[in-house]
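J.: The structure follows.
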Amino acid sequence: MPLDPRVRTSIGWLATLVSMLLVLEICTRSFSSIPESVIERDELIGVRFKRSLDLQRYDAESDRVVPLKTNTQGFRDEEWTRDKPPGIRRVAVFGDSFIAANALPREQILVSRLERLLNRSKGPRHQVMNFGVGGSSTGQQLVAYRKLALEYDPDLVIVCFGNSSDVTDNSSELSSNPILRCQIEADGQLKTVAVATAQHRGSQLLNRYSRFYDWQKTVVNRFVKQLRRGVQPLELRHRVYDAHLDSRFERAWKLTERILMQFRAEVSSNGARLVVVSIPASSQIYRDQFERLREQAGTGSQMEDDFPDQQLATICRRSRIPYLSLLPSFRAAAPDRDSRIVRQWLFLGGAGHFNKDGHDLAAAAIIKWLDRSLQPPFSEDSSDSSR
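In structure tokens, the structure reads:
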């Protein structure tokens with residue numbers, strides 16, 4: 010029986026579409042300079058690296074080929090044993106792309122440097138575990154602690170809070186990125202909100218198998234950012250420096266405080282200690298960069314480069330969480346506060362993620378602060394009988 014002409018037409022259009030997508034996929038794999046995504050959506054903790062990677066990957070920010078290895082849990086670290094070895098203290102470090110640090114070899118990044126510094130002295134040995142994933146929110150990090158890191162029984166949990174993005178990433182009002190987040194319910198309770206299952210699975214499949222999907226996401230995101238700059242020169246995330254808070258940022262800061270309070274409660278109930286470290290943006294270190302942000306913000310704004318740190322310090326004080334701002338250490342290391350002075354760069358290209366000097370400086374500042382602030386000092390020997 011012959012097919013209805015309309016059915017034949019539909020089949021023809023479908024075949025054409027499939028053929029076009031196949032050609033686009035082949036062309037992307039053959040000619041695109043955009044590297045394949047190494048991140049995948051995850052039903053348990055929102056997002057993590059693809060598991061058991063072992064590859065050489067070009068990074069445009071550092072303009073070099075960087076070895077990228079991940080463990081079977083999907084993090085940029087060595088393999089972890091579930092049971093903690095005798096005499097070992099574990100430190101779980103959470104953060105975003107500043108902590109994952111894909112642009113540098115693993116031995117040069119903050120987490121690895123922190124472990125080496127902790128193990129310089131006599132006493133207990135330390136294992137510093139990297140739970141950093143690019144684009145993760147503080148709420149997502151709380152879930153990762155609860156669902157995964159807790160199984161490894163960390164003694165100390167460090168939340169590295171990115172001043173340039175984390176408040177925005179925590180808020181569904183300020184960011185449309187489809188990631189796991191938390192929200193405050195009407196009764197004041199904190200609730201985890203995952204990406205819709207259908208959206209999550211579709212995105213996961215396309216991320217895993219389609220280079221064209223990766224490519225178009227990158228291109229579209231770049232186009233949207235350029236378009237927004239034309240309409241509104243200051244990126245929304247940079248409004249985090251505006252002391253004249255609008256209602257969206259007020260709610261985002263309130264949510265951030267609620268997440269950190271819950272983080273502290275859960276870590277403490279498990280016999281460990283939580284500390285928060287603020288990760289500075291380059292515009293907070295170099296005055297010339299912040300002046301450009303101030304100009305883009307326009308009249309009516311009150312742009313203050315210390316404002317996110319002041320907000321976070323207040324939150325941690327109210328929540329009784331030990332807090333370290335890296336601003337003083339970074340500003341002291343770049344005394345001219347001018348990004349045009351290359352020898353004082355602590356960020357890749359003077360404006361990106363930490364370079365090697367930035368990672369070294371951050372690790373040294375954290376170690377010094379831990380020994381001064383935590384009693385007993387974390388790097389010294391003490392009884393573990395309470396654990």
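Offset between the sequence shown (1-based) and my numbering: plus 9.
A virtual CB, placed ideally from N, CA and C, is assigned to each residue, including glycine.
Taking Gly359 as the reference, which of Ala153, Ser46, Ser291, Gln117 has the closest Cα?
T.: Ser291
J.: From this set, Leu383, Leu379, Ala372, Asp380, which residue's C-alpha is nearest Phe107's C-alpha?
T.: Checked all of Leu383, Leu379, Ala372, Asp380; the closest Cα to Phe107 is Ala372.
J.: To the nearest angstrom, how far is it from the Cα of Asp105 to the Cα of Leu23?
T.: Leu23 has its alpha-carbon roughly 41 Å from the corresponding atom of Asp105.
J.: Rounded to whole angstroms, what is the Cα-Cα separation between Arg91 and Ser181?
T.: 34 Å
J.: Rounded to whole angstroms, what is the Cα-Cα separation between Trp378 and Leu333?
T.: 7 Å
J.: Tell me which residues share the same chain as Asp297 and place their Cβ nearer than 7 Å to its Cβ, disregarding the 5 neighbours each side in the sequence.
T.: For Asp297, the CB contacts under 7 Å within the same chain, skipping 5 residues up- and downstream, are Asp347, Ser348, Arg349 in chain order.
J.: Quick one, which of Arg50, Ser121, Asn80, Ala153 has its alpha-carbon nearest His400's?
T.: For the chain, the structure presents residues 10 to 396; residue 400 sits outside this window and is missing.
J.: Tell me where the alpha helix (DSSP H) around Glu49 begins and ends.
T.: Taken as a continuous stretch (DSSP letters only), Glu49 belongs to no alpha helix (DSSP H), being part of the beta strand (DSSP E) at 48 to 51.
J.: I need the boundaries of the alpha helix (DSSP H) containing Asp1, first residue and last residue.
T.: The chain is shown only over 10 to 396; residue 1 falls outside these bounds and no answer can be derived.
J.: Kindly indicate which three-state DSSP category Ala290 falls into: helix, strand or coil?
T.: DSSP, read as helix, strand or coil, puts Ala290 in coil.
J.: Less than 9 Å between the beta carbons of Val74 and Arg85, yes or no?
T.: no
J.: How many Å lie between Arg57 and Lys263 at the Cα?
T.: 26 Å
J.: So that I know if they touch, is there some Cβ in chain D lying closer than 9 Å to that of Leu53?
T.: Checking the listed chains, one finds no chain D in this structure; it contains a single protein chain.
J.: Here's the rule I'm using: 16 or more other beta-carbon atoms within 10 Å means buried, otherwise exposed. How should His253 be labelled?
T.: exposed
J.: Is any non-hydrogen atom of the ligand GTP found closer than 8 Å to the C-beta of Pro14, if you look at the structure I gave you?
T.: The model on display carries no ligand, and the ligand GTP is accordingly not part of it.
J.: Between the stretch 187 to 195 and the stretch 306 to 319, can you find at least three pairs of beta-carbon atoms closer than 8 Å?
T.: no
J.: Assuming Asp68 contacts Asn128 (C-beta within less than 8 Å), just tell me the rounded distance between them.
T.: Contact flag wrong, Cβ pair sits at about 28 Å.
J.: Look up Val202 in the DSSP assignment and say whether it is helix, strand or coil.
T.: strand
J.: I'd like to know whether the C-beta atoms of Val249 and Asn172 end up nearer to each other than 9 Å.
T.: yes
J.: State yes or no: is the C-beta of Leu357 within less than 9 Å of the C-beta of Asn279?
T.: no
J.: Hey, how far is the Cα of Ser61 from the Cα of Asp314?
T.: 40 Å
J.: Going by Cα to Cα distance, which pick from Leu189, Thr79, Arg246, Glu45 is closest to Leu53?
T.: Leu189
J.: Just to check my reading of the structure: Ile268 and Leu199 have Cβ atoms closer than 8 Å, yes? What is that Cβ distance to the nearest angstrom?
T.: 7 Å
J.: Three-state secondary structure (DSSP) at Gln117?
T.: Here Gln117 sits in helix by DSSP.
J.: Span of the alpha helix (DSSP H) holding Ser334?
T.: Looking at the DSSP string, Ser334 is not in any alpha helix (DSSP H); the run it does join, the beta strand (DSSP E), is 332 to 334.
J.: Between Phe316 and Leu383, what straight-line distance do the alpha-carbon atoms span, to the nearest angstrom?
T.: 26 Å
J.: Might you give, ordered along the chain, the residues of its own chain that have their beta carbon closer than 8 Å to the beta carbon of Leu123, omitting 5 neighbours on each side?
T.: Val100, Val102, Val137, Ala372, Ile375, Ile376
J.: Terminal residues of the continuous alpha helix (DSSP H) containing Val56?
T.: Premise fails: Val56 lies in the beta strand (DSSP E), 55 to 58, not in any alpha helix (DSSP H).
J.: If we call anything under 9 Å between Cβ atoms a contact, is Arg257 one with Leu183?
T.: Yes, the pair counts as a contact, with Cβ atoms nearer than the cut-off.
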